[in-house]
C-alpha cells in the first residue's frame with residue numbers, strides 16, 4: 001500500500017491533486033490507516049495510470065471518470081471525438097500563427113505603431129485577412145521594402161498634381177497614371193485580381209491604411225485616372241486581352257527608354273549597331289508583354305499608335321519611340 005505522498009511522488013503529481021481526485025470520486029483510496037491517512041493499492045495505481053493517460057489526451061475529468069467506470073461513451077468514440085477536436089485546435093493554431101506572421105511583416109513594412117495605435121493595427125489586420133490569404137499577404141509585404149522608394153516618389157508627385165488641380169483625364173497626368181498601374185502590378189506580381197482586391201479593401205474598410213500611404217481621396221483620384229486610361233486601351237483590347245498582358249516589365253521598359261534617350265543625346269544613328277541592339281530589346285519586350293501572341297501584339301501596337309492618351313503615359317517619349325522604330329526598320333529581317 002502507498003500513502004498519498006508516496007503515490008504523488010511516483011506519479012509526478014501533487015498531494016493536492018490526489019486529494020481533489022478523491023473529493024470528486026475519480027480516484028478514491030482503497031483503505032485508510034489507523035490515523036485516517038489515505039492508502040492506495042495496486043488497482044488504484046493502475047487506475048491512476050489510466051487517468052493520467054486520458055488526461056494527457058485532453059479529456060475532461062468528468063468524462064474520464066465515466067469512461068473508466070464503464071458508464072460513458074466507448075473509448076474509441078471518445079478518442080475519435082478528441083482527435084476531431086485536436087484537428088480543429090491545430091487549424092486554429094495554424095491560422096493564428098499565419099496571422100501573427102503576417103502582422104510581423106506588416107509592422108516590418110512600416111514603423112512600429114505607438115501604444116494607442118495598436119488597436120488600429122489589429123483592426124487593419126482583420127481587414128487584410130478578409131481580402132487576402134496568408135500566403136498572399138506574405139508575398140505582398142515581402143515585396144514591399146523593395147518598392148517603398150518608388151511608391152513614395154510617385155505619391156509625392158500625385159499629391160502635387162492633386163494640389164495643382166490637374167484633372168484625372170489630363171494628358172500631363174498620364175505618366176503618373178501609367179507609373180501607378182506599373183507599380184501596382186509589380187507589387188502584386190502582375191495579378192490584376194489582387195490589385196483589385198487591394199483597392200476594394202482600402203475603399204470598403206472604415207479606416208483604410210496602406211503601407212504606401214494611399215489615402216481615400218488620393219485613391220479616388222487615381223481610380224478615375226486609371227479608368228480613363230483603361231477606357232482608351234479598351235477601345236482596342238478586350239478585358240481578356242488586358243488580363244493576359246505581362247504587367248511586370250516596367251523596369252525593363254524604362255531601361256530601354258533611358259537607353260534610347262542616351263543614344264539620341266549622343267547623336268547615335270538609328271542604323272548603328274548600338275541602336276539596332278536596343279531595337280531588338282524593344283521588340284522582344286513587345287513580344288513578352290503580349291505573351292508572344294501576334295494578334296494581341298498588333299492590337300496593342302495599334303492602340304498606342306491611335307490613342308494620344310496612351311502615348312502620353314508611355315515610358316518612351318515620342319522622339320525615343322520614333323528612334324526605336326527607325327532602328328527596328330533598319331534591322332536585317334534574316335537576323336531578327
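In full-length UniProt numbering, the protein residues as written are 1 to 336. We put the CB at the ideal spot given by N, CA and C, even for glycine.
Taking DSSP as the reference, what is the three-state secondary structure of residue 299?
Looking at residue 299 - three-state DSSP - the assignment turns out to be helix.
Do residue 289 and residue 246 count as a contact pair if the criterion is CB distance below 7 Å?
Yes, the pair counts as a contact, with Cβ atoms nearer than the cut-off.
Find the nearest neighbour of residue 326 within the set 268, 306, 312, 27, judged by alpha-carbon distance.
Nearest option by C-alpha distance: 268.
Is the region 60-70 touching the region 29-40 in the sense that three or more CB pairs, one from each, lie closer than 8 Å?
No, the region 29-40 is not in contact with the region 60-70.
Going by Cα to Cα distance, which pick from 318, 150, 165 is closest to residue 182?
If we check each option's Cα against that of residue 182, 150 comes out closest.
Counting only runs of 4+ residues fully inside the region 53-92, write out the alpha helix (DSSP H) ranges in chain order.
Qualifying alpha helix (DSSP H) stretches, in chain order: 61-68.
Measuring alpha carbon to alpha carbon, tell me which residue in 52, 12, 302 is nearest residue 236.
The option with the nearest alpha carbon to residue 236 is 302.
Find the nearest neighbour of residue 11 within the set 127, 50, 222, judged by alpha-carbon distance.
Per the Cα distances, 50.
Assuming residue 21 is part of the alpha helix (DSSP H), what are its boundary residues?
Per DSSP, residue 21 belongs to the alpha helix (DSSP H) from 15-23.
Counting pairs of beta carbons, one from the region 302-315 and one from the region 224-232, are three or more of them closer than 8 Å?
With a cut-off of 8 Å, the region 224-232 and the region 302-315 count as touching, because enough Cβ pairs lie within range.
For my contact list, residue 253 and residue 185 are in at a C-beta cut-off of 8 Å; report their separation, rounded to the angstrom.
Not a contact, Cβ separation roughly 12 Å.
Would you mind stating whether residue 282 and residue 249 have Cβ atoms separated by less than 7 Å?
Not a contact, by the Cβ cut-off of 7 Å.
For residue 31, write down the residues that DSSP places opposite it in a beta bridge.
39.
When the distance is taken between beta carbons, is residue 176 closer than 7 Å to residue 157?
Cβ atoms of residue 157 and residue 176: closer than 7 Å.
Could you compute how far the alpha carbon of residue 144 sits from the alpha carbon of residue 223?
Cα to Cα, residue 144 sits roughly 21 Å from residue 223.
With a CB to CB cut of under 8 Å and the five nearest residues on each side skipped, what residues in its chain are close to residue 131?
So the qualifying residues of the chain are 197, 198, 200, 201.
Tell me whether residue 336 is buried or exposed, calling it buried when 16 or more other Cβ atoms sit within 10 Å of its Cβ.
Legend: pLDDT at residue 336 = 43, less than 50; position of this residue unreliable, value from coordinates given subsequently. By the 10 Å Cβ count, residue 336 comes out exposed.
Quick one: using the 10 Å Cβ neighbour count with 16 as the cut-off for buried, is residue 179 buried or exposed?
It is buried - the Cβ of residue 179 has at least 16 other Cβ atoms within 10 Å.
Along the chain, where does the alpha helix (DSSP H) containing residue 318 start, and where does it finish?
Residue 318 -> alpha helix (DSSP H) spans 318-329.
Give me the Cβ distance between residue 251 and residue 285, rounded to the nearest whole Å; I'm assuming they're in contact under 8 Å.
About 11 Å; that fails the 8 Å criterion.
As a quick exercise: from 226, 243, 228, 163, pick the residue whose alpha carbon is nearest that of residue 189.
The shortest C-alpha separation from residue 189 is found at 243.
On the three-state DSSP scale, how would you describe residue 176?
Correct three-state label for residue 176: helix.
Residue 252 lies in the alpha helix (DSSP H); which residues open and close that run?
Residues 250-265.
Let me know if residue 86 comes out buried or exposed under the rule of 16 or more other beta-carbons within 10 Å of its beta-carbon.
It is exposed - the Cβ of residue 86 has fewer than 16 other Cβ atoms within 10 Å.
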